[in-house]
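Here is the structure we will look at, set down as structure tokens.
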Amino acid sequence: MKTSILLAAGIIGLSALTGSARHADRPGRPHSLPPQLAKFDVDGDGKLSADEREAVKKAMEDRRKAILEKFDTNGDGKLDEAERAAAREARQEEAKAARTKKFAEADSDGNGSLNLAELTAALKSLSAERVAAVFKRLDDNGDQAISLDEFLGRTDEKPERPQPPRRPNHPRR
Ligand SMILES: [Ca+2]
Ligand SMILES: [Ca+2]
Ligand SMILES: [Ca+2]
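For the sequence shown, position 57 (counting from the first letter as 1) is numbered 77 according to our numbering, and the numbering increases by one without interruption.
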């Protein structure tokens with residue numbers, strides 16, 4: 021009872037109290053903010069106050085500036101097509117590196133491919149059916165193992181280099 025009154029008072033007085041209004045330490049209501057925004061919800065009320073929104077704006081601005089600083093190679097203060105392409109490529113490389121790391125973490129027996137058990141362990145939050153569906157989607161060649169290429173989605177995206185058909189020609193026990 022007390023908490024809800026406090027909470028209401030907190031919300032009403034939020035604009036005045038922002039920063040000091042750390043009353044609701046208990047997760048009182050489900051947070052509806054996406055994770056990348058939730059970290060800006062300093063007082064934890066599940067939404068963004070004007071101050072918090074300001075912080076989001078500033079973070080985005082900083083990020084934009086950082087990207088500009090890094091990729092504006094001719095220093096004209098904006099990104100032309102080539103610079104944008106370089107930025108995009110760097111982003112893709114980053115994503116690929118992160119995914120490759122994930123793959124290595126998931127590959128617990130270290131044989132360079134993921135079997136269903138490894139994928140299941142890596143996707144703990146998903147139901148068995150969902151994992152099976154993901155597995156099937158990733159396993160392009162249907163050999164019941166997910167290679168790094170399959171994991172990175174290289175096999176169906178740009179087949180610039182025709183892959184030799186890899187047939188598992190050793191008999192399965
Ligand atoms: Ca530029
Ligand atoms: Ca494995
Ligand atoms: Ca496969």
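Glycine included, each C-beta is placed from N, C-alpha and C at the ideal position.
Query: Use the C-beta contact count for Glu114: other C-beta atoms within 10 angstroms, 16 or more gives buried, fewer gives exposed.; Result: exposed
Query: When DSSP labels each residue in this structure, what does Leu88 get in the three-state scheme?; Result: helix
Query: Which value, in whole angstroms, describes the spacing of the CA atoms of Thr140 and Gly162?; Result: 17 Å
Query: Check whether the stretch 116-129 and the stretch 90-104 are in contact - that is, three or more C-beta pairs closer than 8 Å.; Result: no
Query: Could you give the C-beta distance for Leu5 and Gly130, rounded to a whole number, given that I count them as a contact under 8 Å?; Result: This structure does not reach residue 5, given that the chain is present from 21 up to 193, and the question cannot be answered.
Query: Looking only at its chain, what residues have a beta carbon closer than 8 Å to the beta carbon of Leu68, apart from the 5 residues adjacent to it on each side?; Result: Leu53, Leu57, Phe60, Asp61, Val76
Query: Note down the Cα distance separating Val151 from Glu103, rounded to an integer number of angstroms.; Result: 39 Å
Query: Note the first and the last residue of the continuous alpha helix (DSSP H) segment covering Val154.; Result: 148-158
Query: Nearest by alpha-carbon distance to Ala16: which of Ala110, Lys90, Ala137 is it?; Result: Any answer about residue 16 is impossible in this case: the structure gives the chain only from 21 up to 193.
Query: On the premise that Arg119 lies in contact with Leu172, defined as a C-beta separation below 8 Å, what is that separation, rounded to the nearest angstrom?; Result: 6 Å
Query: Is Leu134 helix, strand or coil when you go by DSSP?; Result: strand
Query: When the Cα atoms are used, what is the spatial distance from Glu72 to Ala79?; Result: 11 Å
Query: Tell me, please, which residues DSSP counts as bridged to Ser167.; Result: Ser133
Query: Please return the same chain residues whose Cβ sits closer than 7 Å to the Cβ of Ile87, not counting the five positions on each side in sequence.; Result: Ala107
Query: Excluding sequence positions up to five away, which residues of its chain have a Cβ less than 6 Å from the Cβ of Phe155?; Result: Leu136, Leu139
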